[in-house]
Every structure is written in structure tokens, then in C-alpha cells.
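Enquirer: This is the structure, below, for whatever I ask next.
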Ligand code: AMP
């Protein structure tokens, strides 16, 4: 017997319709590529998304067609999110930090029909346009007055103007209804080997993730919040915030390309931002700027930090010096992305400060919808004792079961998705990432966590950033070394840094060497690229070997 409930598919268009009807005057503020601030409301966004949906139909975009974007976080990108998915087509967000060849590869692989581009990325599109086989229309996300001037021979010569498209349509448009399993968004993940692989989200997975992400023990979002997603809309849908914020009716503040410490702090204060989300590197820039300029936050209450391990020192600084609660979170492109968040349980009420910090240093416990376990090399489940570490496997309705067009074959292991991360899980269910499986340092048959060693290095007051990699050793197989960037003018020596490790780790985890550098390589998603670093350090020899 079926339940007697209305049969309504979970569709992304319902989020913007809801935000319009019930939070219609809530603001969406964007710092534009053009340099000024743009302000409007959820109601305006809904109107313009419907006009854009009509324009897309006129450009020939049909159900399931892929529509690409090369864009920052901004209101036009937000409208495209809703217009494309709401129409039953698929929004393919391309990471503009990829190399041109990678952009060409993924746009062709996705068979993108239309490409929307922010003014900043017009030069990139000029480079790649001739190689984009399926793209029929390029739309520059600006108004007529700011359209780029190009030569008649330029591949941008026939580019359309975003505001012209909107201008030409009215908003008499009803969002279509279709199966909630329909694909809605496509995001490529750059594996370190092989071609990038497309993760294809559905309306259902996106909606379930949007609900779960908003929960109190997840990101704790509310209609009373003003949220500034620093995490880009071009990578894993800005951690789902453009959806979750519409679901809650929270004010949105989009920073565009203005991600330096001063711009962010100015926006936090001007727009009374209460909550934000970003990767550790962005916060590093902001915290350094604020320290130098002796500034505080007047409204910011919490920030989500994930994408790579949040160094304990950063959690303490945010909380103790600025009164901002850190939500340490973990996830991945294949998980929409949210898997775990480090929030407390009832048993932590009244716990001492260090016990609470120990919880927050971990990547957290699963939000309902995600299940996880750790296994050994044979696939045997390991105990949740907080000590055993193994390959982390996950399952859930917003987790990938295969890549777009079957790229890379079947990724699942007995119905579980292998994350490629190595982790421990404690008896309370808190998971801690010790490494990417390919970055783990294998020394004398045992594993050393590079993340633990990096966290200690960056807790040193003179160190800005550090990467720990394993280097070949004739006896121990691999030994860890620290590659670190000093603060400008700092006099810290190798010996000082190694001394700083004493008493904090087992003796055999002690790094064999410290190398100071001016820069560390990062991936297109802002993570330390240890693959590149290992390449750069290929001629390095350990002392005394
Ligand atoms: P991506 O698919 O580019 O978002 O990268 C996902 C990967 O980033 C994960 O598999 C982890 O290796 C890493 N990651 C994400 N969040 C964290 C975190 N809080 N701590 C450590 N690693 C993280």
C-alpha cells in the first residue's frame, strides 16, 4: 500500500520559487567583475532566471543539454544555475584555473552547447574557442556597455551579451516538471592520473544535499543569516550553498573575483555577513591581513573550513582571537560535496576547552544520508577506535555511482565509493583524515600522516605554509621531509622547526629534513599539489643517506 502523500518530484526550480514566494525581499548582493556592487532580491533573481530560461530555449537548449559556465560567484552565475537546471538542462561549471588544454578537453567531453563567460575569462575563451567542437553560442556575462571589443576575426566576434538575452524576454514562464533523477549539474574532478572525470549530480541528489547541508549539526543555516560563499560556484557548486541558501531564504553575498583579505573583510563588514565558507588558503590571507591591519569582525559568527585539512592553529585563531566558530568539514566533488562536519554532541556539553578542540581538529561525523567505514588493503572493515587507519569508503544518495560517460570504469567497491582518503574513525563516529592514500608516507612498514606533520609545522609562529612529503630512503623505504614557507623576515632555521616537533609526535615520525621555499604548488582547486611538489623535489637527496 502506498502512502497517501502528494507525489512531487524534488526539483531545483522549487528552491528559487520558494525563495521568491517566502523570502522575496531577501537580498542577494554581488561584487561584480565590473568593479561595483550589485544588489537585488530573491524575487528579482527568480524573475531574471525565468527570462533567461526562455532565452536558453530560443538558443536551442533542450532537456539534458549541457550549458557551461566559466564564472566567479555572482548573481548572473546564480541565475544561470537556476535557469539551466530548472529547464531540465545540465549546468556544467568549468574551473577557470585549469589549463586551456584541460578546459578544451572537458568542454568537448561534456559536449557543451552554450558557454557563459565572465569578462575576466574572455581571454581564456579566445584561446580555446576554436577547439570547442560542440559550443554553438558564447554568452558574455555582462551588459552591452561592457561587451569586450574584439577584432572581426576573433572567435568572440559573434558572442552574445547576457543582458541583451534577458532584456529580450519576459518572465511568463513556468518551470517544467520532470523526473527528479534527471541530471542537473556536471562538475569535473581533476584526478592526478588519467583524464578529468565528470561527476553528474541529479535534482534529487542536489535537493537532498541542500536539506542536509542546512541542518543545525551540518552548516546550521538560517533565514536570519547573511552568507558569503568564498568557495567557488565553479567547483562542486560552492558546496551547495546557492541551493541551501535559497532553501533557507538566507541573504547571499557573492564576492566575485575579489578574494584578497581586504576585499573579503570589507564585504563581511559592509554586508553584515554572519557565516562564510572557504578553503584554508583563503582564510590564511584574510587572517594575515586582519592581524596586520588590527581588525576584528563585527557580525561574523561562524565559518566552514574544508577542501583540505584545517590546521588546528587556524581553528584556535578564529575562535580565540576573533570569536568566530569554525565548522571543520570534509567532502569531495563525488559527494556533492558534504560528508562530515565536526560539530559537538550532547556529551561534550561542559567539556574542557582542549577536549572540544580535539573534536574540532577532526573532519567530523557524518550528516544523515552519508554512511562511511574504513577498510584495510584486503577490504576488511577496521574498528572505529580512533587508532586504526584505513581507506575511507562512503555511500549515500548524493554520492557518485559512476562518472559521466563511464569514464574510468566502475568506481564502486561492493556498493561503496572509495574516497582515496585514508582516515581513522573514533568510537563517537568522528572521522579524521590522515592523508590522501597516494600521499601517505610509508616508513619501515608503518604509515606516517603527512597532514599531522603539516599541522604542526604551520602552528609554528614563523611558518606560513608547509607540505610534508615522503622521500625514498634506502633502509626505511620512505622518510618524511617538511617543505615550508617562512613568514617574511622570519629567522626560523631547520633546527628550530625540528625542535618544535619534539614531544608532539612519536620519535620515528620526526621529519628527516626541512627545506625552505618561496612558494608551494597548488592545484586548480587550491589544494597543495604534492604530485607537482614531488616532481620539483625529484633531485632532492636526504641528508646522511
Ligand atoms: P575535491 O573533490 O577537489 O573537492 O577534493 C576532495 C578531497 O579534498 C578529499 O578527498 C580530501 O582528500 C580533501 N579534503 C576535503 N576536505 C578536507 C578536510 N577537511 N581535511 C582534509 N582533506 C580534505
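In my numbering, the protein residues as written are 14 to 558. No residue lacks a Cβ here, since even glycine has one placed at the ideal position from N, Cα and C.
Which residue from 214, 540, 181 puts its Cα closest to that of residue 196?
Expert: Looking at the Cα atoms, 214 is the closest of the given residues.
Enquirer: Measuring alpha carbon to alpha carbon, tell me which residue in 82, 437, 282 is nearest residue 375.
Expert: The residue with the shortest Cα to Cα distance from residue 375 is 437.
Enquirer: Quick one: is residue 44 buried, meaning 16 or more other Cβ sit within 10 Å of its Cβ, or exposed?
Expert: By the 10 Å Cβ count, residue 44 comes out buried.
Enquirer: Classify residue 434 as helix, strand or coil using the three-state DSSP reduction.
Expert: Residue state, collapsed to three classes: strand.
Enquirer: When you measure from the CB of residue 380 to every non-hydrogen atom of the ligand AMP, does any distance come out below 6 Å?
Expert: No; taking the cut-off as 6 Å, the Cβ of residue 380 has no heavy atom of the ligand AMP nearer than that.
Enquirer: Can you tell which of 241, 423, 35, 118 has its C-alpha closest to the C-alpha of residue 88?
Expert: Among 241, 423, 35, 118, the Cα nearest to that of residue 88 is on 241.
Enquirer: Over the uninterrupted beta strand (DSSP E) stretch that includes residue 50, give me the two end residues.
Expert: Run containing residue 50: 50-54, per the beta strand (DSSP E) assignment.
Enquirer: My understanding is that residue 341 touches residue 303, with C-beta atoms under 8 Å, so please give their C-beta distance in whole angstroms.
Expert: At roughly 20 Å, the Cβ-Cβ gap does not stay under 8 Å, so residue 341 and residue 303 are not in contact.
Enquirer: Given 6 Å as the limit, tell me if residue 454 has its C-beta closer than that to any heavy atom belonging to the ligand AMP.
Expert: No - the ligand AMP has no heavy atom lying nearer than 6 Å to the Cβ of residue 454.
Enquirer: Work out the CA separation of residue 546 and residue 486 for me, nearest whole Å.
Expert: Rounded to whole angstroms, residue 486 to residue 546 spans 18 Å at the Cα level.
Enquirer: Contact between the region 514-531 and the region 489-500 is defined here as three or more beta-carbon pairs at a separation below 8 Å; is this criterion met?
Expert: Segments in contact, yes.
Enquirer: Only counting the same chain, and skipping five residues up and downstream in sequence, which positions put a Cβ closer than 7 Å to that of residue 408?
Expert: Once the five neighbours on either side are set aside, the close Cβ partners of residue 408 are 384, 428, 429, 430.
Enquirer: Measuring only from the beta carbon, is residue 52 closer than 6 Å to any heavy atom that is part of the ligand AMP?
Expert: Flag unset: Cβ of residue 52 not near the ligand AMP.
Enquirer: So the candidates are 265, 162, 449, 345; which of them puts its Cα closest to the Cα of residue 248?
Expert: Ranking 265, 162, 449, 345 by Cα distance to residue 248 puts 345 first.
Enquirer: Less than 6 Å separating the Cβ of residue 429 from some heavy atom of the ligand AMP?
Expert: Because no heavy atom of the ligand AMP lies under 6 Å away, the Cβ of residue 429 does not count as near it: no.
Enquirer: Does the separation of the CB atoms of residue 448 and residue 435 fall below 7 Å?
Expert: Yes, the pair counts as a contact, with Cβ atoms nearer than the cut-off.
Enquirer: Would you check whether the ligand AMP has a heavy atom nearer than 6 Å to the C-beta of residue 218?
Expert: Every heavy atom of the ligand AMP is 6 Å or more from the Cβ of residue 218, so no.
Enquirer: Is residue 321 near the ligand AMP, with its Cβ less than 6 Å from a heavy atom?
Expert: Yes, the Cβ of residue 321 comes within 6 Å of a heavy atom of the ligand AMP.
Enquirer: Enumerated in chain order, which unbroken segments of the beta strand (DSSP E) with a length of 3 residues or greater are wholly contained in the region 340-409?
Expert: Whole beta strand (DSSP E) segments, 3+ residues: 351-354, 384-388, 403-408.
Enquirer: Spatial neighbours of residue 24 within its chain, please: CB distance less than 8 Å, with the 5 preceding and 5 following residues excluded, ordered by chain position.
Expert: Answer for residue 24: 99, 188, 190, 191, 193, 216, 220, listed in chain order.
Enquirer: Taking C-beta to C-beta, are residue 255 and residue 91 nearer than 7 Å?
Expert: Yes.
Enquirer: Taking a contact to mean a Cβ-Cβ separation below 7 Å, would you say residue 119 touches residue 144 in this structure?
Expert: Taking 7 Å as the Cβ cut-off, residue 119 and residue 144 do not qualify as a contacting pair.
Enquirer: Restricting to Cα atoms, I'd like to know which of 480, 283, 251 is closest to residue 462.
Expert: Checking every option, the nearest Cα to that of residue 462 belongs to 480.
Enquirer: Look up residue 278 in the DSSP assignment and say whether it is helix, strand or coil.
Expert: Reduced to three states, the DSSP call for residue 278 is helix.
Enquirer: Quick check on the burial criterion: 16 or more other C-beta atoms within 10 angstroms. Buried or exposed for residue 283?
Expert: The residue is exposed, with fewer than 16 neighbouring Cβ atoms inside 10 Å.
Enquirer: Just to check, is the beta-carbon of residue 545 closer than 6 Å to a non-hydrogen atom of the ligand AMP?
Expert: No, the ligand AMP has no heavy atom inside 6 Å of this Cβ.
Enquirer: Would you mind reading off the limits of the beta strand (DSSP E) that contains residue 559?
Expert: Residue 559 cannot be examined here, being either before or after the span of the chain that is shown, 14 to 558.
Enquirer: Please determine whether the Cβ atom of residue 294 lies at a distance below 6 Å from any heavy atom of the ligand SAH.
Expert: Looking at this structure, you won't find the ligand SAH anywhere; what it does contain is the ligand AMP.
Enquirer: For residue 181, is the classification buried or exposed, using 16 other Cβ atoms within 10 angstroms of its Cβ as the cut-off for buried?
Expert: Residue 181 is exposed by the Cβ-count criterion.
Enquirer: Whose C-alpha, out of 243, 124, 155, 167, is nearest the C-alpha of residue 139?
Expert: Of 243, 124, 155, 167, the residue nearest in Cα terms is 167.
Enquirer: Decide if residue 312 is buried, meaning its Cβ has at least 16 other Cβ atoms within 10 Å, or exposed.
Expert: Exposed, because fewer than 16 other Cβ atoms sit within 10 Å of the Cβ of residue 312.
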